[in-house]
Structures are given as structure tokens and as C-alpha cells.
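So the protein sequences, as listed, match chains A and B. Under our numbering, the first residue of the first sequence is numbered 1, with each subsequent residue one higher. Under our numbering, the first residue of the second sequence is numbered 1001, with each subsequent residue one higher. Even glycine gets a Cβ: it sits at the ideal position worked out from N, Cα and C. Right, one structure below, let's go through it.
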Amino acid sequence: MPTILALPLLLALAQPAAPLPPPLPGLLVERRLAERAGLGVGDTLYVRALAGAAAARPFVVEGVFEREADPNRISRNELEVRLHLPDLEALRPTPDRVDRFAVVLADGGGDAPRAAAFARWVEQLAFGTRAYGSAELAEGASTTFKVVSRFHRAIGLVTVLAAGIFLLCVMIIRVDERRRDLGMLRLLGVGRGSVFRAIVLEAVAIATLGSAAGAGLGIGVARLVNLYYARVYDTTLRFALLTPRIVLLAALLGLVLGVAAGVLAALRVVHVPPQRLGER
Amino acid sequence: MIVSTSLRGLLRRRSRSALALAGIAVSAALLLDMTMLASGLTQSFGELTAAQGYALRVTPKGTLPFDSEAGIRAAAAVAGRLRRVEGVRAVAPVLGAQLYAVRGDSVGEPLFTVGVDPAAQMLYLLVEGREPRAGEVVVSQPLAQAYGLGPGSVLPLATELDLSLGRPRQSHPARVSGVGDFLYDFAGQRSLAAPLADVQRLTRRPDQVSLFAVAAAPGVGDDVLARRLERALPELSVYSTRELMRAMDQRLLYFRQLATILGSVALVVCALLVATIVTIGVRERFGELATLRALGVARRRLLLGVMAEGVALAGVGCLLGLPFGLWMAERLDRILLSFPGIPAKLSFFVFNPPRVAFALAVVIVTGALAGLLPGWQAVRTPLGRALREEAE
């Protein structure tokens, strides 16, 4: 058995070496593209640049990658392949050109002043370039999200206004309904302060319960939103995030609205003489 | 009579009716804004795209206008083929590039530059001066203001920089022939337009364009012409305004869905408010309604009266909400137009009368339906029980 196996190898070694074709360059394919195009590791893929007139060149799929969840690219949501830089340059009409360099500084480059000093040095050295620290870059890249955030805040203000009016309306109705009872209590000697506090406490209780129900609903809606968009964009990005800070803010707003609505509703009855509270 | 009695009930309970109206007005305003937002940008974009009659775009295969650096080669021949397609009125070639303003020995900021055929272009409207000839440019108003330019001024331009010396490799003086209002620029954008041949020469992209804008002859539909162009030039992509709007819609999916969600929430809040107010009103007038039934007034008429309360609240709320909604839309538009790269002439909120009328009609129908439930409960209660409860 070992003799039979050894024979072809020896023959191969004995033959003159035939020139082997150069191996195809490799590329990485994004998971979504691999799934849609039915690509797997080892497959050959022909690639050409839209810019330029170069013919399509074959590449071997060396791996499949998952694109990092980047909110900046979600609206275009394009499919990606990753090539070695020289291979990509060879496909394009503009050789020896890159869009940007990412630089890692030695000895803990996270030091912001040092990074800023380095950025200024680069800009002086290579005129016409701009260098950004990671914080500056994040700031610039997040402009879109800042606008979205401002828009959400404005809508949130309107919603708070509507909620406040609704709560006040409910409180006034509840107080109006119990005018006779409140008049009776006052005639029995219950002080204005006690009536006032009772109404305010009731409003706070309603607002608190409403806030709690809203938080629960918010958690549910956020999950639904994330599930939906994860399916639409095929991404791991989370579109709705309910943080403890947001819940706390909503609870505080609810509390403030509750107190305000309670005070306004209570003021309608505490200054009315008790004998008139029974009038229809 | 029954309806007016119901409406008088609303006037009797002034403060709560006023509050309910305020709440409904806010909800109606929010719904109105979300209706305007849902289709506003797409509609506005469609109007801008079709500006000056050029409603079609022909781009390199698979790309949207200015979506990549890809260009259309043999542009003159392609333009000729486009013009020969039946139903084409005009063809406007556009080449996008980036040039630098030169100041003294150093280079200034990069300027978005378009190469156009001055006889057929749809990117700007002349505000001052005339169309450019060879060696001339039309500058945008922000660029003219920033550099103090006007017709006759000279603006040196460079295509490439020497990174080590901080100087332009070569400077090309361009005479300003006019100042234009660039339709697709974002607020404050500094850009310029030059004859196509000049930009092709400066950027070393001979006989190349980024896209063609095509105008249809009178009586020829955009979609029909788009299909003809696709057949005539299968190697290129052709987009009608509708297709571009669809592509835009896809990219703005988030806003459309947000508008739908917030609009629905506004409608629910509105329904809750109307239902609460009408329910309380009906409960307070329980005895009155029972007495009317005992006197022989038909249930249907009583129900109509209760529903009229809901309709009145929702209707007046809508009237109050309309100006508030328009004011709010203007504010929100200002926020959203600060998105980077959004043309200043676009609007996220567009007042589309049929859509707005539909949204407000939905609010009024919601008001009627919100009044239906408490009204139905009141008129279905057995008369004897209703009278007894009221007496107690």
C-alpha cells in the first residue's frame, strides 16, 4: 500500500516543473451578500469597479464577514466585499490613492491632547489633509443623529404637552364629579389643605400608574421596533433603546405633570365655599 | 333639537371642553405634521428633480445620480443616441468634480463643481450675469458672498494639490460670468458650474459625464420615455422622477414609519380624549337621556346627539390644531433641514391639501366613533333602570 501511494508523488517530482498559474487574489464577502448570491469560501467571484473601464477580475472568496453595526451606513445599507488594497487599486482608474488612513499611536494613543497634537502635525506635514481624533470623528459623524435626536426631542415636547392636557382634563373631570362629596367633607370639618393634598396625591398616583404603564408599553414597543428593523435592514443595530435614564426621566416628567394637574384641579374646588360645592 | 341640546352641554362644561379641545388640537396638529412628513420630502424631492422640465436621469448602470465616482464614457456619442430616442426634448450632460479655490500661493477650500452644457442645464437659475463660455464659471450665491465675487471677477481654480508644499500643482484662472441659485445645494454650499469641456479637461476625464438629465417632449409621459431610453441604452440606468422618488422613499423609510407610528399615537390620544369627555358628559346626562327616552324620543336620535358631541369636539379641535400644526411643521422642518447634505430647497413637510383633508377627516370620524360607545351604552340601558338610577 505505501508503495502504490508513493509512486504518483515520485512521478510528479520526476517530471519537469510546469509553470503554475498565479493564485487568484482573495476577498472577503459580507454575510448578507454571501446569502443572497449563494457564495461560500472557495468560490470564484468576478469583480469590476463601476468607476473605470477595467475588465472584471476573478477573486477567490476567502471568508465571509459580518459587517459591524454602523448607524451611519444604515440608510444606504449597501452590500460589501473587502479586497486587499493593491487589488482594489488595480481595479480603479486612480492608482496609489486612498480615501483615508487610520493611525494608531504608540504608548496608549487614547490620550486626547497627544492625539490632537499629532493631528495638527499631520495637517502641517501634508497640506490639504485633515486629521481627526476619534472623539472629533465621532462628533462629526454623529451630526445626522444629533438632528434626529433634536427632532425626537421636539416631538417629545408636543407629546408631553398632549399628555399634560389629557391628565389635567381627567383630573378636572374627577374633581367635578366629586364636588358634592368634597363639599360634604369640608362641611364636616376637613380642612382645605387636606382636600388639596388628597387631590394632588390622586393626580400623582394616576400619573405614576400611567408612567409605569407607559414604561411597560415602551419596553414592548422598543422590542417590536428593534425586531422589525433588524428584519428590514438585516442588521444587529438597535434602533430603540430604553435606558434606565430614559425611564427615570419619563417617571419624573409624569410626576411633575401629575403634581401640576393635581394643583390646578384642586385650586378649582378649594377656594369655593363648601355649601356651593353641592350646586349642580 | 337633540343635537343642539348635546352641544349646549359642551358649552355648559366650559373648562373641561376647552381642555379637551386643546388636547385634541395638539393631537390633530401632530397627526397633521406626521401626514405632511410621511410624503413631504419625497414630494418635494420629486418637484425639485423635475425642475426646469428635466424629469429623467440617465446614470452609469446600477448607480443613483452622484452616488459613486462612476462616469459615463463616450458621452458625446451617448448624448447623440439619447437625442435620437423618440420623445426626447432636451439632454443635459452633467459632470461632477471637486476643484479648489486658489488664494495667492495657497489653496482654499474644495468647491463642488459641475460641468454643464450652458444651453441645456437644470442645476441652477441665473440670478446675475450670463451663462458661462469657455474659461468662465457661474458661482453659487454663498460662494459669491464668501469670496466677494460678481460677474467679471476672476477665481483661480486648482484640480490637484502638492501635499508637501501646500500649493496647487497648477492654477487655472476662471472668469465669473454670473451668479446662480443652485437648486440642489445645501444651505450655504459653495459651488460653481463651468462648461462641460472645461471640467472634463481640468479633471482629465475627456468625453465623460456623471449623468444626463433628459427632458421629455410635450405630451410624452416620463415613465413611457424612461422605458424607451432603457431599451435604447441598456448599458445605462434610467430613472424617472417616480423611480427616483421611490429610491428616496427607500432611504427615508425610517421617517415614513416614524410618521405612521406617531400619527397613530396622535389618533389614539385624540380618540381617548373624545371618548373620556363624551363618556363623562353622557354619565352626567344619564337621567336627562332617560327622561327623553321616556317622553318618546327615539334612541337613534339620542345616539346622534351624543355622537354630535364627539364630532363637534373633534371638528373644532381640528380647526384649532391646523394653524398649530403648520407652525410646528415649520419648526420641525428647520430642524430636519440641518441634516448634512440635504438641499436647502427641499422640505420635509409639504402641505398636500387632499392628504391633510383626509387626516383631519380621520380625526373627525374618530371623534364620532369615540362618542358612539358611551352613547350606545346610554341608550341601551333599560329605561326603568336608567330612571331608577337617576332618582337614586
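Thinking residue i and residue j are a contact (beta carbons under 8 Å), I'd like their distance in whole angstroms, please.
i: residue 1036(B); j: residue 1329(B); result: 5 Å
i: residue 165(A); j: residue 1028(B); result: Not really, about 12 Å apart at Cβ, beyond 8 Å.
i: residue 1232(B); j: residue 1085(B); result: 5 Å
i: residue 1321(B); j: residue 1025(B); result: 4 Å
i: residue 1311(B); j: residue 1368(B); result: 5 Å
i: residue 1394(B); j: residue 1197(B); result: There is no way to answer for residue 1394(B), as the model of chain B reaches only from 1001 to 1392.
i: residue 42(A); j: residue 61(A); result: 7 Å
i: residue 167(A); j: residue 207(A); result: 6 Å
i: residue 1190(B); j: residue 1146(B); result: 6 Å
i: residue 1348(B); j: residue 1040(B); result: 5 Å
i: residue 1128(B); j: residue 1179(B); result: 4 Å
i: residue 266(A); j: residue 196(A); result: 5 Å
i: residue 91(A); j: residue 57(A); result: 7 Å
i: residue 1269(B); j: residue 162(A); result: 6 Å
i: residue 211(A); j: residue 156(A); result: Going by Cβ atoms, the distance from residue 211(A) to residue 156(A) rounds to 14 Å, so no, they are not a contact pair.
i: residue 1125(B); j: residue 1345(B); result: Contact doesn't hold; Cβ gap of about 11 Å is too wide.
Helix, strand or coil for residue i, going by three-state DSSP, please let me know.
i: residue 15(A); result: Residue placement at residue 15(A) is flagged as unreliable, the pLDDT there being 49, under the threshold of 50; a coordinate-derived value is accordingly withheld.
i: residue 1099(B); result: strand
i: residue 1089(B); result: strand
i: residue 63(A); result: strand
i: residue 1174(B); result: strand
i: residue 244(A); result: helix
i: residue 1153(B); result: coil
i: residue 1140(B); result: strand
i: residue 1383(B); result: helix
i: residue 1191(B); result: strand
i: residue 1237(B); result: strand
i: residue 1198(B); result: helix
i: residue 1249(B); result: helix
i: residue 1288(B); result: helix
i: residue 1129(B); result: strand
i: residue 1367(B); result: helix
Note down, in chain order, every chain C residue with its Cβ under 7 Å from the Cβ of residue i.
i: residue 1026(B); result: Of the protein chains in this structure, namely A and B, none is chain C.
Between the alpha carbons of residue i and residue j, how many angstroms are there, rounded?
i: residue 105(A); j: residue 263(A); result: 59 Å
i: residue 1247(B); j: residue 1059(B); result: 14 Å
i: residue 117(A); j: residue 1082(B); result: 54 Å
i: residue 1101(B); j: residue 95(A); result: 25 Å
i: residue 1177(B); j: residue 145(A); result: 40 Å
i: residue 223(A); j: residue 251(A); result: 20 Å
i: residue 1360(B); j: residue 1298(B); result: 30 Å
i: residue 1142(B); j: residue 1343(B); result: 14 Å
i: residue 1014(B); j: residue 1334(B); result: 36 Å
i: residue 1241(B); j: residue 1089(B); result: 16 Å
i: residue 1169(B); j: residue 1094(B); result: 25 Å
i: residue 1201(B); j: residue 1194(B); result: 11 Å
i: residue 1285(B); j: residue 1249(B); result: 50 Å
i: residue 220(A); j: residue 142(A); result: 27 Å
i: residue 1393(B); j: residue 242(A); result: The structure shown does not extend to residue 1393(B), since chain B spans only 1001 to 1392, so no value can be given for it.
i: residue 1154(B); j: residue 1245(B); result: 39 Å
i: residue 1046(B); j: residue 1350(B); result: 12 Å
i: residue 1120(B); j: residue 1076(B); result: 14 Å
i: residue 258(A); j: residue 1279(B); result: 22 Å
i: residue 1234(B); j: residue 1209(B); result: 17 Å
i: residue 22(A); j: residue 46(A); result: 16 Å
i: residue 1008(B); j: residue 261(A); result: 26 Å
i: residue 136(A); j: residue 1363(B); result: 46 Å
Check this for me: beta carbons of residue i and residue j, under 8 Å apart or not?
i: residue 171(A); j: residue 205(A); result: no
i: residue 1212(B); j: residue 1092(B); result: yes
i: residue 1216(B); j: residue 1055(B); result: yes
i: residue 1108(B); j: residue 1097(B); result: no
i: residue 1313(B); j: residue 1365(B); result: no
i: residue 50(A); j: residue 1062(B); result: yes
i: residue 133(A); j: residue 154(A); result: no
i: residue 1030(B); j: residue 1266(B); result: yes
i: residue 1260(B); j: residue 1199(B); result: no
i: residue 28(A); j: residue 63(A); result: yes
i: residue 30(A); j: residue 67(A); result: yes
i: residue 93(A); j: residue 59(A); result: no
| request: Check each residue of the region 1256 to 1269 of chain B: if its Cβ is closer than 7 Å to any Cβ of chain A, include it; give the result in chain order. | output: 1262, 1269
| request: Pull out every residue of the region 1055 to 1072 of chain B whose Cβ sits closer than 9 Å to any Cβ of chain A, in chain order. | output: 1060, 1061, 1062, 1063, 1067, 1068, 1069, 1070, 1071
| message | Short of 7 Å Cβ to Cβ, which residues in the region 197 to 218 of chain A face chain B? | response | none
| Given a limit of 8 Å on CB to CB distance, which residues of the region 128 to 145 of chain A reach chain B? | 128, 129, 143, 144
| For the region 1317 to 1350 of chain B, which residues have a beta carbon sitting closer than 8 Å to at least one beta carbon of chain A? | 1328, 1331, 1332, 1335, 1336, 1338, 1339, 1340
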